[in-house]
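From first to last, the protein sequence lines stand for chains A and B. Residues 24 to 251 (my numbering) are what the first sequence spells out, left to right. Residues 36 to 436 (my numbering) are what the second sequence spells out, left to right.
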Amino acid sequence: MPLLEIAGLQKGFSRPDGVYEKVIDIPSFTLSERAQVAIKGESGLGKTTLLNLIAGILKPDAGSIKLMGREVSSLSEAQRDRVRAESMGYVFQTFNLLPAFTCYENVLLGMTFGDKIDPMFAQGMLKRVGLEARLQYYPHQLSTGQQQRVAVARALANRPKLVLADEPTGNLDGANSDRALRLIREVCAENDAALLLVSHDPNVLSQFESVLSLKELNQAGARSEVGE
Amino acid sequence: MTLWRMVIRSLRQQALSSTVAAISIALAAGLLMAVWVVKAQSRDTLTRFDAGFDAVLGARSSKLQLVLNAVFHLEASPANLDAQDYLDLQKNPSVELAVPIAMGDNYRGYRVVGTVPEMFTKTSYAPGRHYTIGKSGRLFDPALREAVVGSFAARKLGLRIGDKFRPYHGLNFNEEEQHDETYVVVGILEPSNTPADRVLWIPLEGVQHMSGHAAATATELSAVLVKLRNPLAGRALELQYNRQGHRLTWAWPIGATMAELLNKFAWFDRVLAFVAALVALVAAGSVLASIHNSMNERRRQIAILRALGARRSTIAGSVVLEAMTISVAGVVLGFVFYWVIMTGAAGVIRAETGMVLEPLAWHPVFVWAPLGLIALGAAAGWLPAWKAYQTNVAKHLAPVN
Chain A
24 MPLLEIAGLQ KGFSRPDGVY EKVIDIPSFT LSERAQVAIK GESGLGKTTL
74 LNLIAGILKP DAGSIKLMGR EVSSLSEAQR DRVRAESMGY VFQTFNLLPA
124 FTCYENVLLG MTFGDKIDPM FAQGMLKRVG LEARLQYYPH QLSTGQQQRV
174 AVARALANRP KLVLADEPTG NLDGANSDRA LRLIREVCAE NDAALLLVSH
224 DPNVLSQFES VLSLKELNQA GARSEVGE
Chain B
36 MTLWRMVIRS LRQQALSSTV AAISIALAAG LLMAVWVVKA QSRDTLTRFD
86 AGFDAVLGAR SSKLQLVLNA VFHLEASPAN LDAQDYLDLQ KNPSVELAVP
136 IAMGDNYRGY RVVGTVPEMF TKTSYAPGRH YTIGKSGRLF DPALREAVVG
186 SFAARKLGLR IGDKFRPYHG LNFNEEEQHD ETYVVVGILE PSNTPADRVL
236 WIPLEGVQHM SGHAAATATE LSAVLVKLRN PLAGRALELQ YNRQGHRLTW
286 AWPIGATMAE LLNKFAWFDR VLAFVAALVA LVAAGSVLAS IHNSMNERRR
336 QIAILRALGA RRSTIAGSVV LEAMTISVAG VVLGFVFYWV IMTGAAGVIR
386 AETGMVLEPL AWHPVFVWAP LGLIALGAAA GWLPAWKAYQ TNVAKHLAPV
436 N
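What follows is the structure in C-alpha cells.
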C-alpha cells in the first residue's frame with residue numbers, strides 16, 4: 024500500500040477580478056513508504072499549494088488524498104491538524120523557526136501537538152543535526168545553515184511518516200545547500216520517513232533519483248501554459 | 036512544550052506592551068479595592084460609632100451638624116445651650132448619664148474640648164472598650180488646668196506627660212489668638228481608634244472660663260452627650276425637644292443620623308460604581324490593545340504553529356490565556372497598589388477625621404474585583420483570539436522578503 028495516494032485532486036482560487044482559476048489538477052500521484060521524491064517546477068506552478076493540500080492546510084475542491092490508506096481530504100480541519108501533527112513534518116524555504124523559542128524549544132514544538140512530547144528524542148535530533156551544543160541558542164544566534172538544521176530536526180521531531188519540504192535550500196548558498204539537502208535525506212532515511220520535496224533548483228533536483236515534473240503532473244499548470 | 040510556555044514566550048516577546056497592560060489592570064484593581072474598602076469602612080465607622088452614647092442634645096441646628104460636632108469633632112458648634120438645659124436633662128429618669136462638652140478652642144489645629152471626668156470613667160466607647168489612660172498618667176483634676184491628650188494628637192503635637200501648652204481661640208489654628216492659660220498634660224489616652232484620639236481634653240470649666248471668652252456665656256455648653264437607661268426613651272425626648280420645643284435639637288439615635296446623611300449620598304455610590312466600571316473597562320481595553328496591536332506580527336508565528344499541527348482552538352485559547360495571564364499579573368500587582376493607596380489614604384483620613392481604616396480587614400471586593408478584572412481581561416482577549424483563529428495559514432506561511 025502506498026504511503027500517499029492522490030487521485031483527481033483539484034484546487035483553485037478566485038482571482039481579484041472574481042474569475043475562478045484552477046491551480047492544481049492532478050489526476051493521479053502516489054508515493055511509497057520511505058521513498059524520496061523531488062517534484063520540479065517553476066514558481067507559480069502550484070508547488071506550495073500541492074504541499075499545503077497534502078499537509079491538510081488547504082482543503083481540495085475535489086479529489087482524494089489518502090495517507091497510509093486513510094482519506095484525509097474529507098476530514099474536518101481539526102482532524103487534519105491532528106494528522107499533520109502526528110504523521111507529517113514540514114520543512115520550509117525560510118525555515119520558519121519561532122524567534123522567541125530556543126533551538127530545543129523549536130524542536131519540541133514539532134512534537135507538542137502530536138501524540139507525546141519526548142524531550143530526549145528532541146535532544147537526540149538536535150545532536151543528529153550537529154547542534155547539541157546549541158540547544159539553548161535562539162534562532163537569531165545561529166547561522167542560516169544552522170537554522171535550517173534546526174528546522175530539519177523539528178520536522179522529524181514527531182517521528183513523521185512523511186516529510187514535506189518546500190524549497191528547503193532556497194535560502195542557502197551552494198555548500199550549505201548541499202549539506203542541508205544531504206542531511207534532510209539522511210535523517211528521513213534513518214527515521215523511515217518518506218520525503219516529498221519541491222524545488223526549481225537543478226542542483227537540488229540532480230541529487231534525487233526520482234524527479235517528477237509538476238508541469239506533467241498538474242494538468243492545470245499544463246493548460247495554463249498552453250493557454251499562454 | 037506546553038501551551039503555558041508558549042504564552043510566556045509570547046508575553047516576553049511583547050514585554051513592554053504586556054507590562055503596560057498589566058500595570059493598568061493593577062491600577063484598576065488597586066483603585067477599585069481601595070475605593071470600596073474606604074467607602075465601606077467609613078460608612079461602617081460613621082454609622083456604628085456613637086462614642087458610647089445614644090443621643091446628643093444641643094442648640095437648635097441640624098441633627099447631623101450636632102452629631103458631627105459633638106461625636107466626631109468635625110463640624111463647628113452650631114450654638115450653645117444653657118447649663119440649665121443640661122441640669123434638667125440630668126434629672127430626667129430615663130437618662131442614665133449626661134456628659135456636657137464645651138468647645139471652641141484648639142491647640143495647633145487639634146481641638147481642645149472641655150468635659151467632665153465621667154466622659155472617661157463612666158462610658159465605654161464601644162462594647163467592652165473603655166477609654167484608658169497610659170501608664171504614669173492620670174485623669175485631669177476638674178478644678179485644675181490639666182489635660183488628658185488623645186493618643187494621635189499627642190503623637191502629632193509631640194506632647195508628653197508634664198508638658199505644658201496654651202490653647203488658641205477658635206476651632207482653627209491662628210497663632211495670634213493664643214489664650215493666656217497654661218495647661219499641663221497629666222495623661223495620654225491609649226489609642227482607641229476613635230475621634231477622641233485627636234482631641235485635647237480639659238476640664239469643662241477650663242473652656243468655659245478661658246480668657247477672652249464672654250463672661251456672660253461662661254456657663255453655656257456646646258452639647259450634652261446622653262446615655263439612656265432605655266434607648267427607646269429617645270423617642271419621647273425627641274418629641275419633647277424637636278417637635279414641641281424650638282430652642283434645642285435632640286439627635287437620636289446617633290448612628291441613624293449618620294446613616295441618614297450617607298443615604299443622601301447614595302447617588303455618589305452609583306457614580307463611584309460607574310467610574311469603577313469605566314476604570315475596569317479602560318484597563319481591559321489596554322489588554323485588548325496590547326495583544327491586538329501585535330496580531331499582525333504574530334500571524335506568521337500562528338501560521339507556523341498551525342503548520343506544525345496546532346489547532347485553531349489551541350491558538351485562540353493561547354491568546355485568551357495570554358490576556359488572562361496579563362490580567363492575573365495585574366491583579367497580583369493590584370494588591371500592592373491597594374496597599375500603597377490604603378496606607379496613604381488611611382493616614383490622611385485618620386489625620387483629618389480620626390477614623391481608622393484597616394487595610395487588611397476582609398471585604399468581598401478582594402474577591403469580586405480581582406476575579407471581575409481577570410474575567411474582563413480574558414474577555415478582552417477574545418477579539419484578538421478570534422483574529423488568531425481566522426488566520427489564513429497558507430497565506431502567512433509564504434516566504435517574506
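Here a beta-carbon is modelled for each residue, glycine too, at the ideal position from N, C-alpha and C. None of the values given here were measured: they were computed from a predicted structure.
With 7 Å as the threshold, decide whether the Cβ of residue i is near any Cβ in chain B.
i, result
"residue 124 (chain A)", "yes"
"residue 136 (chain A)", "yes"
"residue 64 (chain A)", "no"
"residue 219 (chain A)", "no"
"residue 34 (chain A)", "no"
"residue 241 (chain A)", "no"
"residue 75 (chain A)", "yes"
"residue 104 (chain A)", "yes"
"residue 119 (chain A)", "yes"
"residue 132 (chain A)", "yes"
"residue 145 (chain A)", "no"
"residue 188 (chain A)", "no"
"residue 38 (chain A)", "no"
"residue 216 (chain A)", "no"
"residue 182 (chain A)", "no"
"residue 127 (chain A)", "no"
"residue 107 (chain A)", "yes"
Could you spell out the range, first to last residue, of the beta strand (DSSP E) harbouring residue i?
i, result
"residue 52 (chain A)", "43-54"
"residue 284 (chain B)", "283-286"
"residue 22 (chain B)", "Absent from the structure is residue 22 (chain B), since the part of chain B shown begins at 36 and ends at 436."
"residue 24 (chain A)", "Taken as a continuous stretch (DSSP letters only), residue 24 (chain A) belongs to no beta strand (DSSP E), as it is neither H nor E."
"residue 417 (chain B)", "Residue 417 (chain B) -> not in any beta strand (DSSP E); alpha helix (DSSP H) instead, spanning 417-424."
"residue 238 (chain B)", "235-238"
"residue 181 (chain B)", "181-184"
"residue 222 (chain B)", "218-223"
"residue 235 (chain A)", "233-236"
"residue 87 (chain A)", "85-90"
"residue 160 (chain B)", "159-161"
So, does the CB of residue i fall closer than 7 Å to a CB anywhere in chain A?
i, result
"residue 358 (chain B)", "no"
"residue 344 (chain B)", "yes"
"residue 429 (chain B)", "yes"
Quick check on the DSSP output: the alpha helix (DSSP H) that includes residue i runs from which residue to which?
i, result
"residue 153 (chain B)", "153-156"
"residue 310 (chain B)", "301-327"
"residue 376 (chain B)", "347-388"
"residue 168 (chain A)", "167-179"
"residue 127 (chain A)", "126-135"
"residue 71 (chain B)", "50-83"
"residue 332 (chain B)", "330-342"
"residue 77 (chain A)", "70-78"
"residue 199 (chain A)", "197-213"
"residue 118 (chain B)", "118-126"
Throw me the rounded Cβ distance for the residue i and residue j pair, which I believe falls under 8 Å.
i, j, result
"residue 170 (chain A)", "residue 191 (chain A)", "Actually they are not in contact, since the Cβ atoms of residue 170 (chain A) and residue 191 (chain A) sit about 11 Å apart, beyond 8 Å."
"residue 132 (chain A)", "residue 343 (chain B)", "6 Å"
"residue 135 (chain B)", "residue 239 (chain B)", "6 Å"
"residue 149 (chain B)", "residue 237 (chain B)", "5 Å"
"residue 246 (chain B)", "residue 137 (chain B)", "Wrong, their Cβ atoms sit about 15 Å apart, outside the cutoff."
"residue 178 (chain A)", "residue 113 (chain A)", "6 Å"
I'd like to confirm the pairing. Which residues does DSSP put opposite residue i in its beta bridges?
i, result
"residue 137 (chain B)", "B:149"
"residue 221 (chain A)", "A:62, A:189"
"residue 261 (chain B)", "B:90, B:133"
"residue 161 (chain A)", "Per DSSP, none; premise fails for residue 161 (chain A)."
"residue 108 (chain A)", "Answer is none; residue 108 (chain A) lacks a bridge partner."
"residue 93 (chain A)", "A:90"
For residue i, go through chain D and note every residue whose CB falls closer than 7 Å to its CB, in chain order.
i, result
"residue 43 (chain A)", "Chain labels in this structure do not include chain D; the protein chains are A and B."
**Q.** Near-chain B residues of the stretch 197-209 of chain A - C-beta to any C-beta below 7 Å
**A.** none
Q) the stretch 44-55 of chain B: which residues have C-beta closer than 8 Å to a C-beta of chain A, in chain order? A) 44, 45, 47, 48
Q.
Counting only Cβ-Cβ distances shorter than 9 Å, please list the residues of the stretch 326-351 of chain B near chain A, keeping chain order.
A. 335, 336, 338, 339, 340, 341, 342, 343, 344, 345, 346, 347, 348, 349
Q. According to a CB-to-CB cut-off of less than 9 Å, which residues of the stretch 81-101 of chain A neighbour chain B?
A. 81, 100, 101
Q: Scan the stretch 405-416 of chain B for residues whose Cβ lies nearer than 7 Å to a Cβ of chain A and list them as they occur along the chain.
A: none
Q) Using a Cβ cut-off of 8 Å, which residues of the stretch 148-180 of chain A contact any Cβ in chain B, in chain order? A) 177
Q: Please list the residues of the stretch 181-202 of chain B that have a C-beta atom closer than 7 Å to any C-beta atom in chain A, keeping them in chain order.
A: none
Q | Contacting positions in the stretch 91-116 of chain B - beta carbon closer than 7 Å to chain A | A | none
Q | Residues within the stretch 307-324 of chain B neighbouring chain A, beta-carbon criterion of under 8 Å | A | none
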